[in-house]
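Presented below is the structure to which this report refers.
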Amino acid sequence: MELPGGDEYFMQKALQLADEAAAAGEVPIGAVVVHKGKIIGKGYNQTERLNDVTAHAEMLAITAAASALNSKFLEECTLYVTIEPCLMCAGAIRWARPDRVVYGASEPKTGFTREISSLAGERIAVEGGICAEAAKEKMQTFFRSKR
């Protein structure tokens, strides 16, 4: 069993935010930023609600975390996101400079690894596959309901 504060624990928090997105009619992606074992930023997709194509879960979580730290850099932070970030979010992540990015399911159509192989070379550690099946199922269920 995963101890509170581990990768699976924080990914479960991001998955809960993905559920909030789905309930609001948004693509079910959630994200949290963790600093020294504490969630300091969170977000879920709100592109429809805000009429803003940049209102992705990662972008909102990064903004909240930067505000909490009073810094544009997310040093000593990990970003957890349910689905592999897109290229736009990868750019923002690169500039925000968290130590790690942990994502659930891969996104073969729009994920950043389709275009670039890393987030700023060796500086930002990236790990995928944490709670991947749960994240993938949320996306499949959402898009099945739209068809």
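Each residue of the sequence shown is one higher than the last, beginning at 9 in the working numbering. No residue lacks a Cβ here, since even glycine has one placed at the ideal position from N, Cα and C. As the structure is a prediction and not an experimental result, all values here were calculated from the model.
- Distances from the CA of W103 to each of Q54, G112 and S79 were compared; the closest alpha carbon is that of S79.
- In the DSSP assignment, K50 falls within the unbroken beta strand (DSSP E) covering K46 to Y52.
- Following the DSSP letters along the chain, one finds E145 inside the alpha helix (DSSP H) bounded by residues A140 to K154.
- Looking at the DSSP output, V40 sits in a beta bridge with K50 and Y88.
- The DSSP-derived three-state label of E28 is helix.
- R108 is bridged by DSSP to T86 and A133.
- Burial of L25 is indicated by the presence of at least 16 other C-beta atoms within 10 angstroms of its C-beta.
- Between the alpha carbons of D107 and C85 lies a gap of roughly 6 Å.
- According to the DSSP assignment, S75 belongs to the alpha helix (DSSP H) that extends over A65 to L77.
- Contact check for A98 and A143: beta-carbon distance about 17 Å, past the 8 Å limit, so the pair fails to qualify.
- At the C-beta level, Y88 and A30 stay beyond 7 Å of one another.
- In this structure, I37 places its C-beta atom within 7 Å of the C-beta atom of T90.
- The C-alpha of E34 lies about 12 Å from the C-alpha of S153.
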